[in-house]
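Undergrad: Order-wise, the sequence lines are chains A, B, C and D. My numbering applies: residue 616 is where the first sequence begins, and numbers increase by one. My numbering applies: residue 616 is where the second sequence begins, and numbers increase by one. My numbering applies: residue 616 is where the third sequence begins, and numbers increase by one. My numbering applies: residue 616 is where the fourth sequence begins, and numbers increase by one. We put the beta carbon where it would ideally sit given N, CA and C, even for glycine. Keep in mind that this is a model prediction, so the values were computed, not measured. Let me begin by handing over the structure; questions about it come next.
Protein chains: 4
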Amino acid sequence: MNTQHQSLLDALNACVAACENCASACLQEDDVKMMAPCIALDRDCADICALTARLLSRGSEHAWHLLRECAEICRLCGEECAKHAHAHCQACAAACRRCEEACRQGMTA
Amino acid sequence: MNTQHQSLLDALNACVAACENCASACLQEDDVKMMAPCIALDRDCADICALTARLLSRGSEHAWHLLRECAEICRLCGEECAKHAHAHCQACAAACRRCEEACRQGMTA
Amino acid sequence: MNTQHQSLLDALNACVAACENCASACLQEDDVKMMAPCIALDRDCADICALTARLLSRGSEHAWHLLRECAEICRLCGEECAKHAHAHCQACAAACRRCEEACRQGMTA
Amino acid sequence: MNTQHQSLLDALNACVAACENCASACLQEDDVKMMAPCIALDRDCADICALTARLLSRGSEHAWHLLRECAEICRLCGEECAKHAHAHCQACAAACRRCEEACRQGMTA
């Protein structure tokens with residue numbers, strides 16, 4: 616795997632972990648009702664990034680077909696997380712932004 | 616795949632779908648804070664049942680190694696869901712109980 | 616979940632199981648080298664259908680964004696499987712065709 | 616996530632990627648029939664490590680319940696890969712050994 620692929624893979628895996636952590640932490644917040652949209656996006660974002668990472672790791676061309684959708688869910692999840700001051704939301708927003716950027720770079724590679 | 620394997624596979628897939636549906640529906644309830652433990656268990660139960668289903672479908676002996684853990688998470692998730700009157704929780708509790716039973720039958724097969 | 620969603624979900628789950636079974640059975644054939652493209656497509660098809668099924672079960676709008684890619688991998692996998700006389704390949708080809716059709720119906724729903 | 620958890624998560628993700636890469640590369644070898652057991656173990660190892668990583672990321676106690684099975688599949692996959700001189704097999708063997716070790720450390724933590 617070349618450097619760019621490894622960089623994309625790292626961004627995807629970091630985003631999966633940040634989303635999973637954020638969803639769990641949101642469920643333990645007092646204002647969990649306010650966090651419901653964040654939790655929902657975290658779930659979808661983690662799953663879509665995880666699949667993209669798997670396909671990329673195995674050298675499947677179908678990984679590239681998922682990059683647009685992956686970038687889009689990262690954008691949506693990152694924007695929602697960015698609204699909340701919780702540290703796990705801010706960390707997730709940053710991971711989503713990095714992953715969205717890495718996906719967009721992959722789309723033009 | 617023989618009849619018992621197909622029956623176990625159907626129970627696993629039905630449990631995955633019920634857990635995913637229950638988690639999403641819980642997130643839209645007014646009393647979402649009360650549903651947080653249910654949502655957390657739904658996520659784990661869906662993921663563990665989904666992996667078990669995949670390994671079973673591919674004829675992997677490792678599917679059988681996961682049945683005890685799968686039955687356990689189904690028991691925990693089903694007991695939590697059973698506490699709540701929401702239709703999605705009751706449906707998920709029933710799917711979890713059927714899946715737990717199918718896993719336990721598979722363990723002794 | 617309405618009748619059409621359940622029908623699509625069933626087609627997706629059946630396709631995942633058929634692909635997993637086909638990949639494992641291909642690995643045990645004498646002519647495994649000839650089956651390598653089939654195995655590779657089985658892996659991607661199972662993973663993409665499984666994710667789509669998960670997102671559909673949870674009521675995520677992102678499920679619909681994956682239907683086009685899902686139909687495409689089902690078409691490719693089904694066409695490859697259809698070339699081989701092995702019973703597991705013919706069964707997988709049929710499951711892929713049904714799933715492709717269900718995805719295409721979902722895209723216009 | 617503390618340092619030990621992050622180290623385990625990194626080992627799991629690296630193992631998933633190495634297994635996925637190894638399976639794909641094995642399918643393109645001339646001696647693919649000889650690689651069939653390696654491909655089969657790669658699939659199971661990648662899936663079990665991926666689930667463990669997801670549960671660990673979300674802080675689920677069920678991650679710890681999977682560590683024994685995860686260490687076991689890493690051991691089996693690593694031993695099979697170690698038999699083959701292909702660079703992708705040797706790299707996968709190393710990743711599996713590191714992941715097995717990380718899982719065993721996690722079990723005693």
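Among C664/B, H701/B and H703/B, which residue has its Cα nearest to the Cα of W679/B?
TA: C664/B
Undergrad: Going by C-alpha distance, which of A717/A, A697/A and G721/A is nearest C637/A?
TA: A697/A
Undergrad: Would you mind giving the Cβ-Cβ distance between N628/A and A668/A, rounded to the nearest angstrom? I have them listed as a contact below 8 Å.
TA: 6 Å
Undergrad: Based on Cα-Cα distance, which residue from Q621/B, A626/B, L624/B and V647/B lies nearest to C704/B?
TA: V647/B
Undergrad: What are the start and end residues of the alpha helix (DSSP H) that includes N617/C?
TA: Segment: none, N617/C is in no alpha helix (DSSP H) and carries neither H nor E.
Undergrad: Could you compute how far the alpha carbon of A702/C sits from the alpha carbon of C714/C?
TA: 18 Å
Undergrad: Does the stretch 648 to 664 of chain C come close enough to the stretch 617 to 626 of chain B that 3 or more CB-CB pairs lie under 8 Å?
TA: no
Undergrad: Would you identify the three-state DSSP class for L666/A, choosing helix, strand or coil?
TA: helix
Undergrad: Can you find a CB in chain C that lies within less than 8 Å of the CB of V631/D?
TA: no
Undergrad: Is D657/C helix, strand or coil when you go by DSSP?
TA: Helix at D657/C.
Undergrad: Going along chain B, which residues have a C-beta under 9 Å from L688/A?
TA: Correcting the residue type first, residue 688/A is Ile in the shown sequence and not Leu. By Cβ distance, chain B contributes nothing, its closest Cβ being about 16 Å from I688/A, past 9 Å.
Undergrad: Between E695/D, I654/D and M722/D, which lies nearest to E635/D when the distance is taken from Cα to Cα?
TA: I654/D
Undergrad: List, in order along the chain, the chain A residues whose C-beta lies closer than 7 Å to that of C635/D?
TA: It should be pointed out that residue 635/D corresponds to Glu in this sequence rather than to Cys. Going along chain A in sequence order, the residues near E635/D (Cβ under 7 Å) are R669, S672 and R673.
Undergrad: Would you mind sorting A717/B into buried or exposed? The rule is 16 or more other CB atoms within 10 Å of its CB.
TA: Label assigned to A717/B: buried.
Undergrad: Check whether the Cβ atoms of C641/D and C711/D sit closer than 8 Å, and answer yes or no.
TA: no
Undergrad: Given H677/A, which residues of its chain have a CB within under 8 Å of its CB, disregarding the five upstream and five downstream residues?
TA: Excluding sequence neighbours, H677/A sits near L670.
Undergrad: Considering only the beta carbon of each residue, do A632/A and S675/D sit closer than 8 Å?
TA: no
Undergrad: Could you check if D645/A is buried or exposed, using at least 16 other CB atoms within 10 Å of its CB as the buried criterion?
TA: exposed
Undergrad: Let me see if you follow: with CB-CB separation under 8 Å, is A638/D close to chain A or not?
TA: Answer yes: the Cβ-Cβ gap between A638/D and chain A drops below 8 Å somewhere.
Undergrad: Going straight from the alpha carbon of L681/C to that of G721/A, what length do you get?
TA: 19 Å
Undergrad: Taking C-alpha atoms, which residue in L624/C, A724/C, C685/C and P652/C lies nearest to E695/C?
TA: P652/C
Undergrad: Is it true that the CB of C707/A sits closer than 8 Å to the CB of D657/A?
TA: yes
Undergrad: Under 7 Å Cβ to Cβ from E684/C, same chain only, skipping five residues before and after it: list those, please.
TA: I663
Undergrad: Provide the residue span of the alpha helix (DSSP H) that contains E684/A, from first to last.
TA: L682 to A697
Undergrad: My guess is that L624/A and L666/C are in contact by the Cβ rule of under 8 Å, so how many angstroms apart are they, rounded?
TA: So it is not a contact: roughly 17 Å between Cβ atoms.
Undergrad: Establish whether the CB of R719/A and some CB of chain C are separated by less than 8 Å.
TA: It does not: the Cβ of R719/A has no partner Cβ on chain C nearer than 8 Å.
Undergrad: For M649/C, count the other beta carbons within 10 Å of its own beta carbon; 16 or more makes it buried, fewer makes it exposed. Which is it?
TA: exposed
Undergrad: Under 9 Å between beta-carbons, which chain A residues line up against R712/C? List them in chain order, please.
TA: In chain order: nothing, as chain A lies at least about 19 Å away.
Undergrad: What are the residues of the stretch 644 to 668 of chain A that lie near chain C, defined by any Cβ-Cβ distance shorter than 8 Å?
TA: A655, R658, D659, D662, I663 and L666
Undergrad: Is there a C-beta anywhere in chain C that falls below 8 Å from the one on N628/B?
TA: yes
Undergrad: Does any residue of chain C bring its CB to less than 8 Å from the CB of L642/D?
TA: yes
Undergrad: Taking H677/C as the query, report the chain A residues whose CB atoms sit under 8 Å from its CB, ordered along the chain.
TA: Result: D659, I663, E684 and I688.
Undergrad: Exposed or buried, which one is A724/C when buried takes at least 16 other CB atoms within 10 Å?
TA: The residue is exposed, with fewer than 16 neighbouring Cβ atoms inside 10 Å.
Undergrad: Please return the same chain residues whose Cβ sits closer than 6 Å to the Cβ of A700/A, not counting the five positions on each side in sequence.
TA: none
Undergrad: Say whether chain A places a C-beta atom closer than 8 Å to the C-beta of L681/C.
TA: Interface flag for L681/C against chain A is set, since a Cβ pair is found closer than 8 Å.
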